[in-house]
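**Q** In my numbering, the protein residues as written are 58 to 141.
Let me begin by handing over the structure; questions about it come next.
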C-alpha cells in the first residue's frame with residue numbers, strides 16, 4: 058500500500074465493482090489513502106450516482122490507479138453509458 062500511495066500524487070482512478078448484470082466501473086478523482094494498517098482508502102461519490110448504489114449493494118470495490126497513458130480509460134468510465 059505504501060508503494061502505491063507514492064505512485065498516486067493527484068491522479069485519476071477507476072473504481073470497479075460487481076453487479077447482478079456484470080461488472081461496473083466509474084472514474085473517480087476523489088480518492089485518498091487513509092491508513093496503512095489497516096489498509097483503508099476513501100472514495101467520494103454522490104449518493105445519487107448509480108455507482109454509489111451498486112457499490113453499497115455489493116459491499117466490495119476495486120481501485121484502479123491510472124497512468125498518464127490510460128486517459129482513454131478515464132474518459133470511457135466517465136461516460137454515462139452502461140459499463141461492462
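All residues carry an ideal CB built from backbone N, CA and C; glycine is no exception.
Could you check the C-alpha separation between residue 134 and residue 82 for me, to the nearest Å?
**A** 6 Å
**Q** Please tell me whether residue 84 and residue 74 are closer than 9 Å, where the distance is taken between their beta carbons.
**A** No, they are not a contact pair.
**Q** Indicate whether at least one CB of chain C lies closer than 9 Å to the CB of residue 123.
**A** As a matter of chain content, chain C is missing from the structure shown, which is built from one protein chain.
**Q** For a test of the three-state rule: what should DSSP assign to residue 86, helix, strand or coil?
**A** coil
**Q** For residue 118, count neighbouring Cβ atoms within 10 angstroms of its own Cβ and tell me buried if that reaches 16, exposed if not.
**A** The C-beta of residue 118 has 16 or more other C-beta atoms within 10 Å across all chains shown, which makes the residue buried.
**Q** Taking DSSP's pairing of strands, which residues face residue 72 in a bridge?
**A** 83 and 120
**Q** Please name the residue or residues paired with residue 93 in a DSSP beta bridge.
**A** 96
**Q** Going by DSSP in three states, residue 128 sits in which element: helix, strand or coil?
**A** helix
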